[in-house]
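Quick note: the sequence shown, position 29, residue 1507 per our numbering, numbers continuous.
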Amino acid sequence: MTTLSDAQLGHLINSITSVSMRMGSMASCTHTFDGSHGQEDLETFISAVSTFKTVEKIEDSEALMGIPLVLHGG
C-alpha cells in the first residue's frame, strides 16, 4: 500500500483539480460543417458542437475564435 504525506496528498489534489479546470479548445473538435447538408444535418452539427463546448469547458469567446476550425467551405 502507498502512503502519502499531507503535503503530497495536497499536491496531488491540486494537480487533479487544475487539470479538470483547464479549458479545452475547438482545435480538438472533430465535428465539422461545410454548409452543403440539409437542415437536419445543421441541427445535428450545432448540437454536437454545443455538447463538445460544454464538456471541454470552452468559454464563449474562445468558441467564437474557434469557429473557423469547424466550418469549411463547401
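Think of the CB as a built atom: it goes at the ideal place given N, C-alpha and C, for glycine as much as any other residue.
Residue burial is scored here from C-beta neighbours: residue 1536 has at least 16 other C-beta atoms within 10 angstroms and is therefore classed as buried.
For residue 1520, the three-state secondary structure derived from DSSP is helix. According to the DSSP assignment, residue 1541 belongs to the alpha helix (DSSP H) that extends over 1538 to 1548. Taking the Cα positions, residue 1510 is about 10 Å away from residue 1551.
The beta carbons of residue 1547 and residue 1479 sit no closer together than 7 Å.
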